[in-house]
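Participant:
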Amino acid sequence: MIKSFMVVILFFVLALASVTGHILFYKSDEHTAKVQALSKLITLPTLAFSTAYFSSNIHHYTPSANPAYPELIPIDTLDFVYVK
Amino acid sequence: MSNSAFFRFLLLLVYRYKSKHIGAVLISSLIVALLSAVLFISASIQHETLSSLTQQPDFVVQKIRGGERVDVSLEWLDEIREINGVTAVTPRVYGNYYFTPNEEHFLLYGVDLFDEQSHKIITEIVEKTDIKGLLSNNQMIIGEGVRDFLKTNYYDGFYNFKNPDGEIIKVTTYGTFKKETSIISNEMIIMEIDLLRSILGVEETMLTDIAFSVPNEAEWDNIITKLHLLHYDIRVITKEEIAKAYQNLYNYKGGLFLLLYLIVILTFILILYQRYSMVYSSEKKEIGILRAVGWSIKDIIKLKFFESLFIALLAYFSGVIAAYYYVFVFGAPLLGGLFLGTENLGNHIVFAPVVDFGLLGSIFLFFVVPFMAAVLIPAWKIAVTEPTEAMK
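If you're matching them up, the sequences are chains A and B in order. Going left to right, the first sequence walks through residues 2 to 85 as the working numbering numbers them. Going left to right, the second sequence walks through residues 205 to 596 as the working numbering numbers them.
(1) For Leu-433/B, is the classification buried or exposed, using 16 other Cβ atoms within 10 angstroms of its Cβ as the cut-off for buried?
(2) Would you mind reading off the limits of the beta strand (DSSP E) that contains Val-533/B?
(3) Can you check whether the C-beta of Met-395/B is within less than 9 Å of a C-beta belonging to chain A?
(4) Once DSSP output is grouped into helix, strand and coil, what is the label at Asp-30/A?
(5) Just to confirm before moving on: does the CB-CB distance between Ser-386/B and Ile-553/B stay below 9 Å?
(6) Helix, strand or coil for Asp-413/B? Go by DSSP, reduced to three states.
(7) Got a sec, what are the start and stop residues for the alpha helix (DSSP H) Val-572/B sits in?
(8) If we count Cβ pairs, one from each stretch, closer than 8 Å, do we get three or more for the region 395 to 411 of chain B versus the region 360 to 374 of chain B?
(9) Does any CB atom of chain B fall closer than 9 Å to the CB of Lys-85/A?
(10) In the DSSP output, which residue or residues are listed as bridge partners for Pro-295/B?
(11) Could you give the C-beta distance for Ile-414/B and Leu-257/B, rounded to a whole number, given that I count them as a contact under 8 Å?
(12) For Lys-35/A, which residues in chain B fall below 8 Å Cβ to Cβ?
(13) Which residues, in chain order, does the region 549 to 580 of chain B contribute to contact with chain A at a C-beta distance below 7 Å?
(14) Determine the direct distance from the alpha carbon of Val-533/B to that of Leu-494/B, and round the result to whole angstroms.
(15) Can you list, in chain order, the residues of its chain with a C-beta nearer than 8 Å to that of Pro-261/B? Leave out the 5 residues immediately preceding and following it.
(16) Could you pull out every residue in the same chain whose Cβ sits closer than 6 Å to the Cβ of Val-274/B, ignoring the five residues on either side in sequence?
(17) Using a beta-carbon distance below 9 Å, is Val-8/A in contact with chain B?
(18) Is Leu-11/A close to chain B? Criterion is C-beta to C-beta, closer than 9 Å.
(19) Can you say whether Met-7/A is buried or exposed, counting buried as having 16 or more other CB atoms within 10 angstroms of its CB?
(20) How many Å lie between Gly-370/B and Glu-407/B at the Cα?
(21) Does Ser-255/B get closer than 9 Å to chain A when you measure Cβ to Cβ?
(22) Entirely within the region 257 to 313 of chain B and at least 4 residues each: give me those alpha helix (DSSP H) ranges in chain order.
(23) Pull up the distance between the alpha-carbon of Arg-479/B and that of Leu-563/B, whole angstroms please.
(24) Whole angstroms is fine: what's the gap from Ile-329/B's alpha carbon to Asn-300/B's?
(25) Any beta carbon from chain A within less than 9 Å of Thr-589/B's own beta carbon?
(26) Of the choices Arg-212/B, Leu-312/B and Val-236/B, whose alpha-carbon is the least far from that of Thr-47/A?
(27) If contacts are defined as beta-carbon pairs under 8 Å, then Phe-353/B and Leu-544/B qualify, I think. What distance do you get, rounded to the angstrom?
(28) CB-CB under 7 Å to Ile-428/B, same chain, minus the five flanking residues each way: which ones, in chain order?
(29) Would DSSP call Lys-85/A helix, strand or coil?
(30) Would you tell me roughly how many angstroms separate the C-alpha atoms of Glu-31/A and Ala-38/A, rounded to the nearest one?
(31) Assign Val-14/A to one of two classes, buried (16 or more other C-beta atoms within 10 Å of its C-beta) or exposed (fewer than that).
(32) Note down the Cα distance separating Glu-331/B from Tyr-454/B, rounded to an integer number of angstroms.
(33) Taking 8 Å as the cut-off, does the region 495 to 509 of chain B touch the region 586 to 594 of chain B (at least 3 CB pairs, one atom from each stretch)?
(34) Find the residues of chain B that neighbour Leu-17/A, judging by a C-beta separation of less than 8 Å, and give them in chain order.
(35) Could you confirm whether any beta carbon from chain A is found closer than 9 Å to the beta carbon of Asn-306/B?
(36) For Lys-224/B, I'd like the list of residues in its chain whose CB is within less than 7 Å of its CB, leaving aside the five on either flank, ordered along the chain.
Structural data, given as structure tokens:
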């Protein structure tokens, strides 16, 4: 009985060790440096969103009236009068 | 009872009733894995977005006509350069290229390949090391998504672009961007700026838009006012606006999942509560025997506490480990599409491991506390009954 628990615990220890190893040995700095290098080259902030041709990759930011409902725009928004 | 005997009895109990717990562990792991995976993806994309934004210019100026962006004149470059406090004024030429048969599109970006700085960067982000080949005629560097798309559409190693005049311009593939950059480069093609002008039909005196930086933050509002005084028909996009737009997008999507998770976990806890109430009713006799041989209510609660803690921890760690492998090792197939879209080219994103322990702690609290409450309350209800009554 104890042996089967030991197997389960050993499995979990190994799995956790592999996750920790992956975090520690993953070259995050290199990864970030490459993304930053490309970002510097193209100076475009767009991510590779797989969106339809006519939809915008990044939507224009409008401050929300309430952080709990970010989709709701402030009631005094005048975007429709003055083009941004 | 000594601690070692207590834990031996606890393990014996878990082992004896393993079939009773296995369903709860499996479903709990699945719920935790799903939520952790969504939060891992969201955190990783946010981290990469914000780190890439540090390299972005502070402002982008676009000319607007009828609410749509139109090309700006090359003269604007000098006008902006003349404003005090403005640095790194960069002309940009880019645009989407539509591939009609499959209704897909690529993002084409023009780079000055003879610029030393650009040259240096390209050597860092492209698989090939021989950069001289890129300077020969009509070459392009493509993202992984574009490479796979062209391969499946019989354009292995080249692509015939059609310019607005209907002329075919053959451009050969020089190389592919490194996998790590695919969060930006997946559907991107970069090429020499003049070649791109001929493909998109942008005149030599025109640009798509202009990017620039203003190192002194106190000057930002002043510079925007000056730009508006120069030209009334412009849109100035700041880096801060873009950062907030991305943050909002991912917080919104992650928050939506958190809300769904709360609904699912509440339903699951309710089911668990009813199930364990039934299970403990059938174990009433066993608890009665324990009480009869001298166990106190506290001992029985302690036994059930450790039993449920063992189950909850097992489910929690299985879920988090599975989510980690799913996102950071296997690239989150299916779920990744929810964040990055699936309407254009297939995504081949490599997520950089970003583990927020505060987030994992929150998942732990949101999962383990209700789970244990759902198990312990029915156990306590049975434990407080008199042993003589329980044995009946």
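Even for Gly, the Cβ is constructed at its ideal location relative to N, Cα and C.
Facilitator: Result, derived from the coordinates:
(1) For the purposes of this step, residue 433/B is taken as residue 229 along the second sequence, with counting starting at 1. By the neighbour-count rule (16 or more Cβ atoms within 10 Å), Leu-433/B is not buried but exposed.
(2) As a working note, residue 533/B is residue 329 in the second sequence. Element bounds for Val-533/B: n/a, residue is neither H nor E.
(3) Within the second sequence, residue 395/B is the residue found at index 191, counting from 1. Closer than 9 Å: no.
(4) To locate residue 30/A, count along the first sequence from 1; it is residue 29. Residue state, collapsed to three classes: helix.
(5) In the second sequence, the residue the question calls residue 386/B occupies position 182. In the second sequence, the residue the question calls residue 553/B occupies position 349. It is a contact, given that the beta carbons lie within the stated cut-off.
(6) As a working mapping, residue 413/B is identified with position 209 in the second sequence. The answer is strand: DSSP assigns Asp-413/B an E or B state.
(7) In the second sequence, counting from the first residue as 1, residue 572/B sits at position 368. Start and end: 561 to 587.
(8) yes
(9) Translated into positions along the first sequence, residue 85/A becomes position 84. Reliability of the predicted coordinates at Lys-85/A is poor, the pLDDT of 46 falling under 50, and the value obtained from them is presented with this limitation in mind. Yes, because at least one Cβ of chain B sits closer than 9 Å to the Cβ of Lys-85/A.
(10) Looking up residue 295/B in the second sequence gives position 91. Paired residues: Ile-414/B.
(11) The sequence position of residue 414/B within the second sequence is 210, counting from 1. The sequence position of residue 257/B within the second sequence is 53, counting from 1. With a Cβ gap of about 18 Å, Ile-414/B and Leu-257/B do not count as contacting.
(12) Along the first sequence, one-based indexing puts residue 35/A at 34. Residues of chain B passing the Cβ test: Glu-328, Ile-329, Lys-382, Glu-384 and Thr-385.
(13) Leu-549, Asn-551, Ala-556, Pro-557 and Val-559
(14) Residue mapping note: residue 494/B aligns to position 290 of the second sequence, counting from 1. Residue mapping note: residue 533/B aligns to position 329 of the second sequence, counting from 1. Those two C-alpha atoms are separated by around 48 Å.
(15) Counting from 1 along the second sequence, the entry for residue 261/B is found at position 57. Around Pro-261/B: Ala-292, Thr-294, Ala-415, Phe-416, Ser-417 and Lys-443.
(16) Within the second sequence, residue 274/B is the residue found at index 70, counting from 1. Lys-267.
(17) Numbered from 1 along the first sequence, position 7 holds the residue referred to as residue 8/A. No, no contact with chain B.
(18) Indexing the first sequence from 1 puts residue 11/A at position 10. For Leu-11/A, the answer is no, since every Cβ of chain B falls outside 9 Å of its Cβ.
(19) Within the first sequence, numbered from 1, the residue matching residue 7/A stands at position 6. With fewer than 16 other Cβ atoms within 10 Å, it is exposed.
(20) Stepping through the second sequence from its first residue, residue 370/B is reached at position 166. Stepping through the second sequence from its first residue, residue 407/B is reached at position 203. Spanning the two alpha carbons is a distance of roughly 16 Å.
(21) As a working mapping, residue 255/B is identified with position 51 in the second sequence. For Ser-255/B, the answer is yes, since a Cβ of chain A falls inside 9 Å of its Cβ.
(22) 279 to 285
(23) Locating residue 479/B in the second sequence gives position 275, where the first residue counts as 1. Locating residue 563/B in the second sequence gives position 359, where the first residue counts as 1. Spanning the two alpha carbons is a distance of roughly 29 Å.
(24) On the second sequence, residue 329/B is found 125 positions in, with the first residue counted as 1. On the second sequence, residue 300/B is found 96 positions in, with the first residue counted as 1. Between Ile-329/B and Asn-300/B, the C-alpha separation is close to 22 Å.
(25) Sequence index remark: in the second sequence, residue 589/B carries index 385 (1-based). No, Thr-589/B lies away from the interface with chain A (no Cβ there is under 9 Å from its Cβ).
(26) Position 46 of the first sequence, counted from the first residue, corresponds to residue 47/A. Considering only alpha carbons, the answer is Leu-312/B.
(27) For the purposes of this step, residue 353/B is taken as residue 149 along the second sequence, with counting starting at 1. For the purposes of this step, residue 544/B is taken as residue 340 along the second sequence, with counting starting at 1. Wrong, their Cβ atoms sit about 15 Å apart, outside the cutoff.
(28) Indexing the second sequence from 1 puts residue 428/B at position 224. Same-chain partners within the cutoff: Val-440.
(29) As a first step, residue 85/A is located in the first sequence; it is residue number 84 there, counting from the start. Residue confidence is low: Lys-85/A scores 46 on pLDDT, short of 50, so the model does not pin down where it sits. No coordinate-derived value is stated.
(30) The count along the first sequence starts at 1 and reaches residue 31/A at position 30. The count along the first sequence starts at 1 and reaches residue 38/A at position 37. Each residue's Cα considered, the two are about 10 Å apart.
(31) On the first sequence, residue 14/A is found 13 positions in, with the first residue counted as 1. Classification for Val-14/A: exposed.
(32) By one-based count along the second sequence, residue 331/B stands at place 127. By one-based count along the second sequence, residue 454/B stands at place 250. Spanning the two alpha carbons is a distance of roughly 30 Å.
(33) yes
(34) As a first step, residue 17/A must be located in the first sequence, where it is residue number 16. Chain B residues near Leu-17/A: Phe-521 and Ile-525.
(35) Here residue 306/B corresponds to residue number 102 of the second sequence, with the count starting at 1. Not closer than 9 Å to any Cβ of chain A, the Cβ of Asn-306/B fails to qualify, so no.
(36) Here the question's residue 224/B lines up with position 20 in the second sequence. If we look at Lys-224/B and ignore the five residues flanking it on each side, its Cβ neighbours are Val-483.
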